[in-house]
Each structure stands twice: as C-alpha cells, then as structure tokens.
Amino acid sequence: SQQGEEDPQALSIQEGENATMNCSYKTSINNLQWYRQNSGRGLVHLILIRSNEREKHSGRLRVTLDTSKKSSSLLITASRAADTASYFCATDFNQAGTALIFGKGTTLSVSS
Amino acid sequence: GAGVSQSPRYKVAKRGQDVALRCDPISGHVSLFWYQQALGQGPEFLTYFQNEAQLDKSGLPSDRFFAERPEGSVSTLKIQRTQQEDSAVYLCASSLATASYSNQPQHFGDGTRLSIL
C-alpha cells in the first residue's frame, strides 16, 4: 500500500521555470523525505523535513510541510533540463519503523 | 564502495525458474532494505535487515520470496518458482541508521530489472 500521493502525476515545463509538486499522506509522520529518480536509475535522496519543521531549503529546492493538512510541497526553482526525472515523497512507517512508504511520483519533464 | 551496487542489472527468466539478485551496500551501512518497483509506481517495501538480522519481512509478497544477509554486508533476494507478476525492478537501499531509520537518507542502487517470460 502507498501512503503518499503526489500531484500532479506529470508536469512539463520550460527551462528556467519553477516546478511545484505536491504530496499528501494519510497517517501521522515523524519525517517526510523527497527523492528523485532518473530513468533506469535508483532513487537519490534530495531533502528530509521533520514533522516539527514547516519549511526547508537546499540549493534550488524548497520543501514545505503542513502536518495539519497532511501535505508537503517540493518547489524546484529555475529548472534545468537535468531536473527531468520522477520525484517521490516518502514518509516513515510509524508502527514498525522499518520502511519508507513512497507515493506514485510526479514525472517532471523540463525542455530547453 | 562508493555506492550501492546491484547485480545483475537485467535478468530474464522463464516462468517457474528460480532467480537470485545481489546487493552490495555501502561499506559500514548497518541497515539494508529491499523494495519492489512496478512500472510507473513508487517503490514498495519488501524487507529490512539490521546487520545480519532480518527485522521485518512483512512486505514480501509470498513465501516464494526469501532474503538473506548472512554476514551483515552483502544481501541476496531469492525468488523461487517465478511468476509473471514478479516482473518488476528490485531496488536495494542502505543507510547508516540503526534505530530511527527515517532520520537518515537511504542510498539506493540502480536496481535489477527482472522480466519473467
């Protein structure tokens, strides 16, 4: 079963534009992470935000977390063709604490 | 090593055959995870090891799936009597974390793409 749901499923933008992806989840969390996956490759960790944080920045990435709405957003500013990938949010599995639960992902296409 | 290494990268097997997928985690990483990723979906948890101990195997879809990590480093995921629905990408990840795993990022290999004919 998948905890997170990303929105939109697919996003196409031009280089230089900003890209915003959203993630909603169902149960309470300790942390939420965002990962990127290039075609045919494994996932790469982008950023982790704790449940007591509301916003976090890393380079061109900005992540927000609203625990009252059980949602998070990932903003990529000044996008580049190299940002073309699938983006997944992942939440921790509260009970056993031994897994990340991933959403279905947003596929981002950045054209030059 | 520099990263998580998985082999083979691609595996084609006939239905009913057994397959073995290998994962070399980052040296010193205590935690090791296996995930299954269907086309167009996010990874789904299969099993978790802390060193050589398999602490959670709740995600394994059937008793045809078996994973081991006998010396606390390399891990093997074995699928017996493969079925077409086993076709997927199998991802391995490792992390430094012992407890509170979710405070640490997971480092993924590039996966093994398994196709069952």
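Which chain is which? The protein sequence lines are P and S, in order.
Counting with our numbering, you get residues 1 to 112 for the letters of the first sequence.
Counting with our numbering, you get residues 1 to 117 for the letters of the second sequence.
Just so you know, even glycine gets a beta-carbon here, dropped at the ideal spot from N, CA and C.
On a predicted model such as this, the values are computed, not experimentally measured, just so you know.
In terms of residues, what are the limits of the beta strand (DSSP E) holding residue i?
i     : result
H29/S : Note, H29/S: premise wrong, no beta strand (DSSP E); not H, not E.
Q63/S : Note on identity: in this sequence residue 63/S is Asp, with Gln being the wrong assignment. Careful: D63/S lies outside any beta strand (DSSP E) and carries neither H nor E.
K11/S : Y10 to A13
E5/P  : E5 to D7
S72/P : S71 to I76
A53/S : A53 to D56
Report yes if the C-beta distance between residue i and residue j is below 9 Å; otherwise report no.
i      : j      : result
Q37/S  : R22/S  : no
G109/S : V4/S   : yes
N31/P  : N103/S : yes
V110/P : T84/P  : yes
Q80/S  : R69/S  : no
Just checking my contact of residue i with residue j at CB under 8 Å: how many whole Å lie between their CB atoms?
i     : j     : result
A88/S : L77/S : Between L77/S and A88/S the Cβ distance is about 11 Å, and since that is not below 8 Å, they are no contact.
A78/P : R60/P : 6 Å
T82/S : G16/S : 7 Å
Can you find a CB in chain S that lies within less than 9 Å of the CB of residue i?
i      : result
R62/P  : no
R54/P  : no
Y25/P  : no
D7/P   : no
G59/P  : no
I101/P : yes
A85/P  : no
G40/P  : yes
Just to make sure I have the definition right: I need the residues of chain C whose C-beta is within less than 7 Å of the C-beta of residue i. Which are they?
i      : result
K104/P : Given the protein chain composition of this structure (P and S), no chain C is represented.
Does residue i have its Cβ less than 9 Å from a Cβ in chain P?
i      : result
F33/S  : yes
G111/S : yes
F45/S  : yes
Answer yes if the region 35–55 of chain P comes into contact with the region 8–21 of chain P, meaning at least three C-beta pairs across the two stretches below 8 Å, and no otherwise.
-> No, the region 8–21 of chain P does not touch the region 35–55 of chain P.
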